[in-house]
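Read through the structure below, which is laid out as structure tokens, and then see the notes.
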Amino acid sequence: MSLFVINRYLGDEVTTSEDRSKALLQKLHEQAKDRQQQQRPHSKEKGTPKSNHVEETDKTISTETETSRKTKKRKKKQEEEVKSPSENEQDSQLQEATHIKEKKQTKKKKIIVEEKDESPEHISEHDERSRAEQESSKTEEESRRAEEESSRAKEIEPSGAEVTTSNPNSILLGGFEPKAVEKVLPVLPQWLTQPSFLQKNIKQNLVPIHDIPGLHPKVLKKLEVNKVKDFFPVQAEVIPAVLDSSCHGFLLGKGGYRPSDVCVSAPTGSGKTLAFVIPIVQTLLQRVVCEVRALVVLPTKELAQQVCKVFNTYVDGMGLKVVMIAGQKSFLKEQESLIQKTAFGFSSLADILVCTPGRLVDHIQQTEGFNLRHLRFLVIDEADRMIDSMNQDWLNHVTKAVFRLEAGSPNMLFTRKEPGILTAASSCLHQTPLQKLLFSATLTQNPEKLKQLGLYQPRLFISKQKGNPNDSSETQMEPSISGNFSLPEGLTHYYIPCNLNSKPLILLHFLLSLRFSRVLCFTNSRDASHRLYLLIRSFGGIDVAEFSSRLSPGERKRTLKEFEQGKVQLLVSTDATARGIDIKGVKCIINYDAPQFIRTYVHRVGRTARAGKAGLAFTMLLKVQEKPYFGMLRDAGAPELQRQLVKSECLKQYEQRYEEALSELQKAVKNERAQKRS
Ligand SMILES: Nc1ncnc2c1ncn2[C@@H]1O[C@H](COP(=O)(O)OP(=O)(O)OP(=O)(O)O)[C@@H](O)[C@H]1O
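Under the UniProt record's numbering, the first residue of the sequence shown is numbered 1, with each subsequent residue one higher.
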């Protein structure tokens, strides 16, 4: 029976499957029609005669197909009842095949319909279905692509190197992993890259004072009286440059234009002070009314005192007045030395004002009648240090005071205005220019820092570095931000390898055995200075003094004087004497504590080998300090330090006395603490 059924089935196979596919097609037709009918109400509203016709036809088809569908369903059911499971399987395979065939046919039809007419009215149910299929397959394709892309992006993202997807226009957000950042080389302004070079060797490049054009006979005489026969290289270059900018008097710049500001970076002891004292004195010789026309700002009282002394030497007998305001005297006394009250108002008692920034700001704010409206020269000595103190805003106070409007000024035409952009109108307004003169042995070449000074078309004078001896070109040294600071030619510097215990013994050996006189010894703190001073004093046999902020200004002044006079063999000091202090006859510098910055080193060792003379500098280095210290000097382009060994046998003789001095030091420190507490 089953065999018969199978044969019958196999024999009927083709016709049956065809029937069934037709039935399936029919069914789909019906479904599509149903869907159309559901959508009809909307289209009816719009209602076109054409669409009505289509609807009627559809209806007829649908009633016909409904009857045939039912009959076929019944037939199918009967057949299935007699089929085995394997037959069912075969059947489903055939169904699949039919389905594919059907799809192909639909596709073909769709293409034909599309070719015929693309209007929605002509689109058959097949087309709709195939379109739906196509769309769904399209969506599938798109989602598959998106998945592919996202997985690709996921693969790329972790490396952080590639963030773009397959579409070159789209950017995948994220990728925050560290990437190699390209180094941006600093671009220095032209005035920094093309400076005027100064000869470094003083003795070989002396210029007779009479060879410098434009010097006033009175000034020449003054120089001769002070035994200055030749100018040092920095003076020979800078003095004519500043004088040139005031050749038409101090009221106008050369040709009526604003003069360029001047920046000078020359080694310690190269004579920078005279380089600004001489042109200022000569320019102000022409003045009629006493007003503050030159202002010199320095970082410490001692330096202000020193510069004031040099000015006083050169204005003596010239009718110019120099006043110092650095807190050496009481505020009231300083006010009295600055301003005088007359029947016509206040009058200035100073032509040249030498000051520290803090005290200057105090007088600008509090001294009645004090003004800077006639200021022609603003000298910033130790300029790099002064830039560091810019947070005190002293320069801003000075600039405001210079361009402050006179209350009830009768003639606004001659009122000084802060220069802005150069225009035809502004160039017609002639007024006294304010010229800035910057000096330092370690002038920063960092444009960011220099910008704070508001320089106008600056000119840079810089000492020539020792480069390739065969290279005579001007460009053998490349200025850099870190600064290639130069050391005095006459300086020989060494390092002494040591440990913490041997440090004081080495110092004693230098003073007692090697008999070094006028030794300036630097420590890194005032407590360290004080303890070392107490220790050496307890040891005995050495004239020792200390110099730090522990001392009053009067004590400091006396100490420096005694040191200069040779009454003190060893001066133990903090960095308070490291900058600018000019003490004649200092033969040897000892860095008991190694300086932390190259600038500090340059200024400390610069207290010797001044004015072209010879000098020695020693730095005591612990083993751990050696490598970073040499690196610091190398980076700054400083010549290599020579090694100076001190044999332990040389130190043995001091050990016993040193132990005693140490215990005395402990007692002295205890006593001082007790005194402080009480
Ligand atoms: N033309 C000169 N002839 C002789 N001696 C001079 C001359 N110019 C300066 N000096 C002397 O040289 C020494 C150093 O000068 P000065 O103090 O001006 O140097 P500096 O460059 O300002 O040093 P620092 O950077 O340490 O402040 C001083 O004692 C000064 O008197």
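Quick reminder that beta carbons are idealized off the backbone N, C-alpha and C, glycines included.
Just so it is clear, the structure is predicted and the values come from calculations on it, not from any experiment.
For the beta strand (DSSP E) assignment, the uninterrupted runs of no fewer than 3 residues enclosed by the segment 263-344 are, from N- to C-terminal side, 294-297, 322-325 and 339-342.
Under the three-state reduction of DSSP, G369 is assigned to coil, being neither helix nor strand. Per DSSP, D244 is one residue of the alpha helix (DSSP H) stretching across P233 to S245. By the neighbour-count criterion, in which 16 or more other beta carbons inside 10 Å mark a residue as buried, E655 falls on the exposed side. The segment 253-266 makes contact with the segment 451-466; the number of CB pairs closer than 8 Å reaches 3 or more. Across the set G358, F344 and C355, the C-alpha of F344 shows the shortest separation from the C-alpha of G369.
In the pairwise beta carbon analysis, the segment 572-579 is classified as not touching the segment 278-297: fewer than three pairs are separated by under 8 Å. I364 places its beta carbon 8 Å or farther from that of K436. When secondary structure is reduced to three states using DSSP, N591 falls in the strand class. Shown here for C247: same chain residues with a beta carbon closer than 8 Å to its own, the five before and five after excluded, namely G214 and K254 in chain order.
For K179, the shortest separation between its Cβ and any heavy atom of ligand 1 does not lie below 7 Å. The Cβ-Cβ distance between A275 and V238 falls below 8 Å.
When secondary structure is reduced to three states using DSSP, L455 falls in the coil class, being assigned neither helix nor strand. Scanning its chain for C-beta atoms nearer than 7 Å, with the 5 sequence neighbours on each side dropped, one finds around S529 the residues T523, E546, S548, V572, S573 and T574, in chain order.
If you draw a straight line from the Cα of G319 to the Cα of L405, it is about 29 Å long.
By the Cβ neighbour-count rule, Q306 is buried, with 16 or more other Cβ atoms within 10 Å of its own.
For I212, there is no enclosing beta strand (DSSP E), since its DSSP letter is neither H nor E.
By the beta-carbon neighbour count (other beta carbons within 10 angstroms, threshold 16), K222 is buried.
The C-alpha of A401 is placed about 18 Å away from the C-alpha of A326. Separation of the CB atoms of V586 and H493 is rounded to 14 Å, and the pair is thereby denied contact status at 8 Å. Assignment of L395 by DSSP, reduced to helix, strand and coil, places it in the helix class. Per DSSP, reduced to three states, the secondary structure at E562 is helical.
Taking C-beta atoms under 8 Å as the contact rule, M620 and K503 qualify, at a distance of about 6 Å. Spatial neighbours of P233 in its own chain (CB-CB distance under 6 Å, excluding positions within 5 residues in sequence) are listed in chain order as L198, Q199 and N205.
Secondary structure note for V519: its beta strand (DSSP E) is the uninterrupted segment V519 to F522.
Rounded to whole angstroms, the separation of the alpha carbons of L641 and K464 is 20 Å. At least one heavy atom of ligand 1 sits closer than 7 Å to the Cβ of S270.
Under the three-state reduction of DSSP, E182 is assigned to coil, being neither helix nor strand.
Within the DSSP bridge table, the entry for H493 names A617 as partners. Annotation: A617 to L284 spans about 40 Å, alpha carbon to alpha carbon. Where E546 is concerned, there is no enclosing alpha helix (DSSP H), although the beta strand (DSSP E) around it starts and stops at V544 to F547. Ligand 1 has no heavy atom closer than 7 Å to the beta-carbon of A401.
Relative to ligand 1, R610 has its C-beta within less than 7 Å of a heavy atom.
Scanning its chain for C-beta atoms nearer than 8 Å, with the 5 sequence neighbours on each side dropped, one finds around Y658 the residues P504, L505, L508 and F539, in chain order. Distance from the CA of M632 to the CA of Q194, rounded to the nearest whole angstrom, comes to 26 Å.
Between ligand 1 and G606, a heavy atom-to-CB distance of less than 7 Å is present.
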